[in-house]
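The end of the sequence shown is residue 566 by the working numbering, with every number in the run present.
Where a beta carbon is used, it is the ideal one built from N, C-alpha and C, also for glycine.
Remember, predicted model here, so these are calculated numbers, not experimental data.
Below is one structure; the comments refer to it alone.
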Amino acid sequence: MIRMNENYKNLKDSYLFFNISKKVKAYQEENPDKKIYRMGIGDVSLPLGEAVIESLHEAVDDQGKKDTFHGYMPEVGDESLRKEIAKYYLRRDVKLDDDEVFVSSGASDELGDILDLFSRDSKALIMEPAYPAYVDANVMAGREIIHLKTDASSNFLGRPYDGLDADLIYLCSPNNPTGAVYGKKELKEWVDYANKNGSIIIFDAAYEAFIEEDIPHSIFEVEGARTCAIEICSFSKTAGFTGTRLGYTVIPKTLERAGMNINAMWVRNRTTKTNGVSYIIQKGGKAVFSIEGQEQVKRNIGVYKRNAKVLMEVLNKENIYYTGGVNAPYIWMKCPNGLKSWEFFDLLLKEIQVVGTPGEGFGECGEGYFRFSTFASEEDTKEAAKRIAELLERIKG
Ligand code: PLP
170 MIRMNENYKN LKDSYLFFNI SKKVKAYQEE NPDKKIYRMG IGDVSLPLGE AVIESLHEAV
230 DDQGKKDTFH GYMPEVGDES LRKEIAKYYL RRDVKLDDDE VFVSSGASDE LGDILDLFSR
290 DSKALIMEPA YPAYVDANVM AGREIIHLKT DASSNFLGRP YDGLDADLIY LCSPNNPTGA
350 VYGKKELKEW VDYANKNGSI IIFDAAYEAF IEEDIPHSIF EVEGARTCAI EICSFSKTAG
410 FTGTRLGYTV IPKTLERAGM NINAMWVRNR TTKTNGVSYI IQKGGKAVFS IEGQEQVKRN
470 IGVYKRNAKV LMEVLNKENI YYTGGVNAPY IWMKCPNGLK SWEFFDLLLK EIQVVGTPGE
530 GFGECGEGYF RFSTFASEED TKEAAKRIAE LLERIKG
């Protein structure tokens with residue numbers, strides 16, 4: 170009889186989004202006339218930019234003509250797209266060779282697949298509250314997880330500590346769910362730790378485009394990262410590709426462990442396990458880097474940033490602790506009056522019809538916190554913010 174991967178039995182059921190939708194559905198059934206303001210979504214709401222759409226149309230037409238038809242694409246990505254991505258890093262003085270960039274169909278895929286390169290008895294450090302996929306992908310592999318709980322005392326930014334013995338280190342900056350962002354000095358501490366300990370940092374930069382302060386967008390802005398880090402990034406939140414699927418992974422050719430070159434291993438992995446991203450999507454993605462493409466990306470992110478501002482103004486006025494918002498599309502607030510995450514969720518839904526995400530769903534140490542996303546429409550965000558302000562005033566102790 171076949172033996173199964175029994176590690177799947179160790180996965181905890183995640184009821185977070187299931188419970189949210191169950192509660193919202195029940196409320197809506199009881200109150201069909203009430204509009205719900207959805208501030209919990211992690212998906213973008215604005216469409217792809219015009220330059221991308223034009224490029225996608227062209228690519229579809231290319232596929233219908235003998236002279237421009239493309240079959241299989243290189244497994245590691247189209248050469249010209251790899252070049253564009255490498256050029257994008259140059260803006261922040263990060264020099265990459267084109268073959269250090271791997272085009273992918275999104276960050277989620279890569280965050281899971283990359284684990285293939287590391288022994289199952291390596292230990293993974295995951296900072297909590299955490300993006301749930303980090304934990305689950307490692308549980309599936311039977312890997313030991315070191316849960317590094319963070320809290321407001323460090324603004325939810327974990328640091329290396331004495332006695333830490335981690336092989337893989339997940340860093341997500343700007344962070345989902347907390348919106349917190351590492352400065353260069355703190356990132357350097359992780360880079361130094363990883364180089365000294367022979368660990369590898371998996372740096373999730375899915376929200377780098379939201380950074381507006383002078384802080385690193387990429388781990389490779391930090392000296393020493395080329396010998397200890399892999400960066401995984403995505404077009405999803407930057408350019409609205411959540412439903413179109415495109416991302417990239419950067420693995421320096423200088424990254425080696427146990428005499429094995431990790432860039433070369435990933436080339437071998439990709440050429441074995443994928444047949445690349447479609448020509449159409451990659452051509453669409455290339456348009457993100459055109460002048461118009463970049464303007465459109467900025468315009469859309471500007472909308473989400475205005476949403477963040479509207480929400481932050483309310484929290485500032487009410488003197489409520491939060492992280493995020495400035496450099497991230499998430500705001501992670503302390504629930505008022507000592508309420509627990511789900512209690513605050515229920516209050517918001519019943520009293521003002523605003524839906525967010527209870528922090529406890531991102532790990533135990535998220536209890537008492539609440540995540541708002543800034544991806545809803547401007548109109549809905551303004552109305553939600555007004556209602557939140559009124560509610561906070563009303564329940565003030
Ligand atoms: N990493 C983080 C931190 C995310 O929040 C998300 C999506 O919400 C992803 C990765 C996945 O991105 P993609 O759409 O490229 O799979």
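What does DSSP give as the partner residues of residue i in its beta bridges?
| i | result |
| --- | --- |
| N430 | E425 |
| W501 | T492, R540 |
| K264 | Partner(s): none; K264 has no beta bridge. |
| G313 | Residue identity differs from the one stated: residue 313 is Glu in this sequence, not Gly. According to DSSP, E313 bridges with K292. |
| F372 | L340, E400 |
| P527 | F539 |
| T418 | F271, I401 |
| R207 | V524 |
| E297 | K318 |
Which residue from the options puts its Cα closest to that of residue i?
| i | options | result |
| --- | --- | --- |
| E461 | E279, N188, I222 | I222 |
| E248 | K467, D267, F238 | D267 |
| K204 | G535, Q463, V524 | V524 |
| F544 | L424, P298, A477, E487 | A477 |
| G275 | G352, L518, G445 | G445 |
| G114 | S291, I171, N344, K194 | Within the shown structure, residues of the chain are numbered from 170 to 566, placing residue 114 beyond reach of any answer. |
| Y177 | E512, V495, D305 | D305 |
| K455 | C397, Y196, A299, A255 | A255 |
| D331 | D230, Y362, S322 | Y362 |
| K519 | P346, Y448, Q197, S183 | Q197 |
| K467 | A220, L259, M208, E175 | A220 |
| S322 | S546, Y491, G530, V472 | Y491 |
| L250 | S273, K235, D236, F410 | S273 |
| Y339 | G348, D231, G327 | G327 |
| Y499 | L333, E358, H316, S342 | S342 |
| K365 | Y351, H386, L333 | L333 |
| A497 | D336, H386, N188, F186 | H386 |
| N179 | I314, N324, K422, W359 | I314 |
| P301 | V472, G528, N432, A433 | G528 |
| I384 | V350, M502, E552, S368 | V350 |
Take the Cβ of residue i as the centre, count every other Cβ of all protein chains shown within 10 Å, and call the residue buried at 16 or more, exposed below.
| i | result |
| --- | --- |
| M602 | The chain is shown only over 170 to 566; residue 602 falls outside these bounds and no answer can be derived. |
| I399 | buried |
| K474 | buried |
| A427 | exposed |
| S288 | exposed |
| N469 | buried |
| P201 | exposed |
| D514 | According to the sequence displayed, residue 514 carries Phe and not Asp. Buried is the call here. |
| E533 | exposed |
| V229 | exposed |
| P216 | exposed |
| L265 | buried |
| A293 | buried |
| Y184 | exposed |
| T440 | exposed |
| H226 | exposed |
| R260 | exposed |
| R207 | buried |
| M429 | exposed |
| K442 | exposed |
| S190 | exposed |
| I171 | exposed |
| M173 | exposed |
| K181 | exposed |
| D336 | buried |
| F187 | exposed |
| A195 | exposed |
| I564 | exposed |
TODO: Check each residue's C-beta against every heavy atom of the ligand PLP and list, in chain order, those closer than 6 Å.
DONE: Result (chain order): G211, G275, A276, S277, Y300, C341, N345, D373, A375, S403, S405, T411, G416.
Open item on the list: Whether or not the segment 463-483 and the segment 301-310 are in contact is what I'm after, with contact meaning three or more pairs of Cβ atoms, one per stretch, closer than 8 Å; do they touch?
Closed with: No, the segment 301-310 is not in contact with the segment 463-483.
Open item on the list: Would the segment 528-542 count as touching the segment 503-511 if we require 3 or more Cβ pairs under 8 Å?
Closed with: Counting Cβ pairs under 8 Å, three or more are found: they touch.
Task: Inter-stretch contact (C-beta, 8 Å, three-pair minimum) for the segment 418-429 and the segment 385-403 - done: By the C-beta criterion, the segment 418-429 is judged to be in contact with the segment 385-403, since at least 3 inter-stretch pairs fall below 8 Å.
- [ ] Assess, as a yes-or-no matter, whether the segment 511-528 is touched by the segment 540-558 under the definition of 3 or more beta carbon pairs within less than 8 Å.
- [x] A contact exists between the segment 540-558 and the segment 511-528.
Open item on the list: Does the structure place the segment 236-248 close enough to the segment 369-383 that three or more beta carbon pairs sit under 8 Å?
Closed with: These segments do not touch.
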